[in-house]
Amino acid sequence: MSKIEEIHITPIAIIDPPLLNAAGLHAPYALRTIVEIVTDDRISGISEIPGNSDIDAALEEARALLIGRDPFNLNVIRQVLSKHFGTESAAARGDAPWDQRKLVHIFSSVEVACLDIIGKITGRPVVDLLGGKMRDRVPFSAYLFYKYEGAGGPLEFGTDPGATGWAAARQAAALDPESIVAQAEAMCKEFGFQSIKLKGGVFEPRVEVDSMLALYKAFGPDVPLRVDPNAIWEVETAIRYGRELKGILEYLEDPVRGQENMAKVRRELGIPLATNMCTTSFGDIPRSIELGSEDIILSDHHFWGGLQASMTLSGICQTFGRGLSMHSNSHLGISLAAMVHLGGALPGVPYALDTHYPWQSDEVIVGGRIQFEEGSVKVPTGPGLGVELDREALKKLHQNYLDCGLKKRDDEIEMQKKVPGWKFKAVRW
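Counting from 1, one number per residue, gives the positions in the sequence shown under the UniProt record's numbering.
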């Protein structure tokens, strides 16, 4: 019987362009943490989570709790971690667009790495461990951002004049409807995406609504569109502009903050509402059902406590008539592989999943970047996650982490480089 013998926790920094969102501006580097669990019979499992020095410290703390454990016994592992770290309230998520809880990140990183090990021991892909493959390919959506000019990384707001195609488009500024359409055209040409999402909450709503209308005009009614203001609008703002967008949106994501406000907007608009901000844990679901706060929950295995928990969420969504899709953050191929296995196992995927992957140029897996075909990624068929750690790349990206000096994400500070004195507001318009 295999036992956990080693746990390696490696923070990394990956190049990230200056993308805008409701909380400010992406730093030149996005932080990720790579977790590798090794058994006493030298079988290795890997995972990837958002980087944060506090979560990294908690993972170090968890090491002693996990050494000697059976990687198959995830129920005991969850119980041990929960007993040690305690439960977290929904408030621990924070007001920013990204989740700041510790325990869900710790368990999801451990669970994915253990599932990778289990798959290698049994000779089965992770999708089979989640109940079996329902589809060969998983569809993703183009994910557009308003952004300043710049490539990120050592170039920061500078650009590489030798870049071509999407690599050049990824560097270009996009601060108005016309440049958002150009970004969409370049991204869809490169990756073949069949649906489009715009990260909003950046500009006055008129600009963002005009951007969506421009996308509809450019791509037509057969390309599903969605926009995410990251809960920064007032209820009245959401109703006013939501009415204008009715008929062109597949769904409207988190226009307002909180389940009560989401329910108000949903009743007024009759547009499907999606969330990864107001219903973000199993404890949020009873009130969500009572109020009718959303139509679609955007799951994220990093935030919901792993892949198995995400399958549980899928069953709950089916029971209560909720749609299910997937949220994304800046990520590399380990997270993408896990997302694809989950997407392959879900009973249905009515909405293309989110992914930031086109915005990243680094990679930490053997063989380099994962390929998209017509906006979809093939479900891996090899044992476990079906991807392996590129140790030279890991070493390089860890050095990036050491050199860049970042310890956690803070988009407000980055925004102040461009707009001195800028402050995040939970509700702005």
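All C-beta atoms in this analysis are idealised placements derived from N, C-alpha and C, irrespective of residue type, glycine included. None of the values given here were measured: they were computed from a predicted structure.
Asked	Found
Assuming the contact rule is C-beta atoms closer than 8 Å, Ala-142 and Lys-197 should be a hit. Round their C-beta distance to whole Å, please.	7 Å
Between which residues of its own chain and Gln-360 is the CB-CB distance below 8 Å, once the five residues before and five after are set aside?	Ile-14, Ile-15, Asp-16, Ala-30, Ser-330, His-331, Leu-332
Can you tell me whether Val-112 is buried or exposed, with buried defined as 16 or more other CB within 10 angstroms of its CB?	buried
Could you tell me the distance, in whole angstroms, from the CA atom of Thr-87 to the CA atom of Leu-103?	8 Å
Does DSSP classify Val-235 as helix, strand or coil?	helix
Tell me which residues share the same chain as Pro-224 and place their Cβ nearer than 6 Å to its Cβ, disregarding the 5 neighbours each side in the sequence.	Ser-195, Glu-250
Using 7 Å as the threshold, is the C-beta distance between Lys-133 and Gly-344 below it?	yes
Exposed or buried, which one is Asp-254 when buried takes at least 16 other CB atoms within 10 Å?	buried
Are the region 156–169 and the region 371–381 touching by the rule of at least three beta carbon pairs closer than 8 Å?	no
Determine, using beta carbons only, whether Leu-313 and Ile-46 come nearer to each other than 7 Å.	no
Just tell me which of Ile-4, Ala-22, Glu-6, Gly-258 has its CA closest to the CA of Phe-424.	Ala-22
Name the DSSP beta bridge partners of Glu-36, please?	His-8, Ile-46
By DSSP, does Asp-228 sit in helix, in strand, or in coil?	strand
Buried or exposed: Met-339, going by 16 or more other Cβ atoms within 10 Å of its Cβ?	buried
The beta strand (DSSP E) spanning Thr-275 covers which residue range?	273–275
Between which two residues does the beta strand (DSSP E) harbouring Leu-298 extend?	296–299
From which residue to which residue does the alpha helix (DSSP H) around Gly-343 run?	333–345
Classify Pro-18 as buried or exposed, calling it buried when 16 or more other Cβ atoms lie within 10 Å of its own Cβ.	buried
Which residues in the same chain have their Cβ closer than 6 Å to the Cβ of Cys-188, if we skip the five residues on either side of it in sequence?	Ala-142
Let me see if you follow: with CB-CB separation under 7 Å, is Cys-114 close to chain B or not?	The structure shown has no chain B; it contains just one protein chain.
Near Gly-192, which residues of its chain fall below 7 Å by C-beta distance, leaving aside the five closest residues on each side in sequence?	Phe-372, Glu-373, Glu-374, Gly-375
By DSSP, does Ala-57 sit in helix, in strand, or in coil?	helix
Mapping the DSSP letters down to three states, classify Arg-137 as helix, strand or coil.	strand
How is the beta strand (DSSP E) around Phe-145 delimited, first residue to last?	142–145
Work out the CA separation of Ser-328 and Arg-135 for me, nearest whole Å.	20 Å
Please report the residue range of the beta strand (DSSP E) in which Met-326 lies.	323–326
Would you call the CB atoms of Ser-109 and Val-35 closer than 7 Å?	yes
Going by DSSP in three states, Trp-376 sits in which element: helix, strand or coil?	Note that residue 376 corresponds to Ser in the displayed sequence, not to Trp. Reduced to three states, the DSSP call for Ser-376 is strand.
Quick check: Leu-342 and His-301, are their CB atoms within less than 7 Å of each other?	yes
Leaving aside the five residues before and after Tyr-216 along the sequence, list all residues of the same chain whose C-beta is less than 8 Å from its C-beta, in chain order.	Leu-225, Ile-248
Hey, could you find the ends of the beta strand (DSSP E) Lys-199 is sitting in?	196–199
If we count the other Cβ atoms within 10 Å of its Cβ and call it buried at 16 or more, is Met-1 buried or exposed?	exposed
Using 7 Å as the threshold, is the C-beta distance between Asp-352 and Phe-140 below it?	Before going further, note that residue 352 is Ala rather than Asp in the sequence given. Yes, the pair counts as a contact, with Cβ atoms nearer than the cut-off.
Keeping to the same chain, check which residues put their C-beta closer than 6 Å to that of Ala-174; ignore five residues upstream and five downstream.	Tyr-146, Lys-147, Ile-180, Gln-183
Cβ atoms of Ala-64 and Ile-106: under 7 Å apart, would you say?	no
Expressed to the nearest angstrom, what Euclidean distance is found between the alpha-carbon atoms of Arg-124 and Leu-307?	16 Å
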